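Okay, so the sequence shown: first residue is 10 according to this note's numbering, each after it adds one.
We put the beta carbon where it would ideally sit given N, CA and C, even for glycine.
This structure is a prediction, so every number in the text was calculated from the model and none was measured.
Take a look at the structure set out below.
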Amino acid sequence: MPVFSYRATTIEGAIVEGVIEATDETSAIDRLKNAGYIPLKIAAPRESAKRKFSLRSSKGALLTFTTELSALLGAGLPLDRSLNILSGISENIEMKDVVNVVLKSIREGSSFSEALQKHPKIFPKLYVNMVRAGESGGVLDVVLDKLHEFLETSQELKDHIVSVMIYPSILFAAGGLSIIILLTFVLPKFSVIFAELGGALPLPTRMLLSFSSALRSYWWIALSAIVILWIMFRSYVKTDSGRLAWDTFKLRLMGDIIKKLETARFC
Numbered sequence: 010m011p012v013f014s015y016r017a018t019t020i021e022g023a024i025v026e027g028v029i030e031a032t033d034e035t036s037a038i039d040r041l042k043n044a045g046y047i048p049l050k051i052a053a054p055r056e057s058a059k060r061k062f063s064l065r066s067s068k069g070a071l072l073t074f075t076t077e078l079s080a081l082l083g084a085g086l087p088l089d090r091s092l093n094i095l096s097g098i099s100e101n102i103e104m105k106d107v108v109n110v111v112l113k114s115i116r117e118g119s120s121f122s123e124a125l126q127k128h129p130k131i132f133p134k135l136y137v138n139m140v141r142a143g144e145s146g147g148v149l150d151v152v153l154d155k156l157h158e159f160l161e162t163s164q165e166l167k168d169h170i171v172s173v174m175i176y177p178s179i180l181f182a183a184g185g186l187s188i189i190i191l192l193t194f195v196l197p198k199f200s201v202i203f204a205e206l207g208g209a210l211p212l213p214t215r216m217l218l219s220f221s222s223a224l225r226s227y228w229w230i231a232l233s234a235i236v237i238l239w240i241m242f243r244s245y246v247k248t249d250s251g252r253l254a255w256d257t258f259k260l261r262l263m264g265d266i267i268k269k270l271e272t273a274r275f276c
């Protein structure tokens, strides 16, 4: 029988961690509820390291926050009590501080969506708008559960894309390094051999040898130019016009892939 690691809380707010045997994740949740616990996180042991790693990013922390808040609200705890519990158990320092500020705003009279809206770097517009809809309809726990599914699917897609792009990136880096070694170490040795042999060299060969010599003599200029161009590019894409131009270029280059990914996120 599979073994699941879990993190749960009691009605009093005490945190309990451990492992439990169950046929699947749903059965593990049911067993914890029957034992009087409120499940916050259930994971197979092989997934625990992956989920802990995802907490290092703000979106990974948002996924964990959404999952645990949905579980607490679904168990019947009020919003302020649920946020207070999450503040105490959060492993992400940034998210812990944000939860404290959100809780303070709610106690001062703001709605949950209004409190989240003050932190756009953590809670995107789609997230805030769905929470607002859940508040209006009195189904906040259901909306958070849907948001959990959405964020989890998005994270899986991004992880898949990263894993697919690792191999081409390694090949590209290895190819670039090989070209640099060829131009700076190999070609100079051939130039000595060609000079000893004498005779006229073809134009492409002379151009390549000249470029190799210039690169070895003025490599610092090339490196400085690359750094300056990169800084200029980063500064440009931070402007509205630059961001629009860059997004337009990416859509022309990878429009079909982006459309499929965005469609898959909502399926």
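Extent of the continuous beta strand (DSSP E) to which residue i belongs
i           : result
residue 49  : 47-52
residue 144 : Careful: residue 144 lies outside any beta strand (DSSP E), inside the alpha helix (DSSP H) at 134-146.
Assigned exposure category for residue i - 16 Cβ within 10 Å defines buried
i           : result
residue 256 : exposed
residue 55  : For residue 55, the pLDDT reaches just 47, beneath the cut-off of 50, and the residue's location in the model is therefore unreliable, leaving the point undetermined.
residue 230 : exposed
residue 345 : No answer is possible for residue 345: it lies beyond the span of the chain, which begins at 10 and ends at 276.
residue 15  : buried
residue 38  : buried
residue 233 : exposed
residue 262 : exposed
residue 178 : exposed
residue 33  : exposed
residue 17  : buried
residue 79  : buried
residue 132 : buried
residue 66  : Interpretation of residue 66 is limited by its pLDDT of 49, a score under 50 that renders its predicted location unreliable; no figure is taken from the coordinates.
residue 176 : exposed
residue 99  : buried
residue 41  : buried
residue 205 : exposed
Enclosing alpha helix (DSSP H) for residue i [first to last residue]
i           : result
residue 184 : 149-190
residue 94  : 88-98
residue 115 : 102-116
residue 205 : 196-206
Closest residue to residue i among the options (Cα-Cα distance)
i           : options               : result
residue 112 : 98, 91 and 100        : 91
residue 108 : 80, 248, 85 and 75    : 75
residue 95  : 48, 249 and 167       : 48
residue 144 : 82, 46 and 242        : 82
residue 13  : 242, 102, 110 and 27  : 27
residue 29  : 52, 69, 97 and 254    : 52
residue 97  : 212, 147, 21 and 215  : 21
residue 103 : 115, 71, 78 and 262   : 71
residue 46  : 24, 32, 19 and 35     : 19
residue 23  : 43, 93 and 31         : 93
residue 200 : 217, 187, 188 and 25  : 217
residue 110 : 246, 127 and 162      : 127
residue 160 : 135, 147, 171 and 148 : 135
Simplified DSSP state of residue i, which is helix, strand or coil
i           : result
residue 26  : strand
residue 44  : coil
residue 227 : coil
residue 119 : coil
residue 63  : Low per-residue confidence applies at residue 63: pLDDT is 40, beneath 50, and the placement is therefore not dependable enough to give any value.
residue 248 : coil
residue 254 : helix
residue 18  : strand
residue 58  : Unreliable placement is indicated for residue 58, whose pLDDT of 41 sits below 50; the coordinate value is still reported in the next sentence. The answer is helix: DSSP assigns residue 58 an H, G or I state.
Min CB distance residue i to chain C below 8 Å
i           : result
residue 166 : Protein chain content of the structure displayed is limited to a single chain, and chain C is not contained in it.
Would you be able to state if there are at least three C-beta pairs under 8 Å between the segment 178-197 and the segment 206-224?
At 8 Å Cβ cutoff, the stretches touch.
At least 3 beta-carbon pairs within less than 8 Å: the segment 107-123 vs the segment 131-146:
Yes, they touch.
Given 8 Å, three or more beta-carbon pairs between the segment 152-164 and the segment 173-188
Flag = no, the segment 152-164 and the segment 173-188 do not touch.
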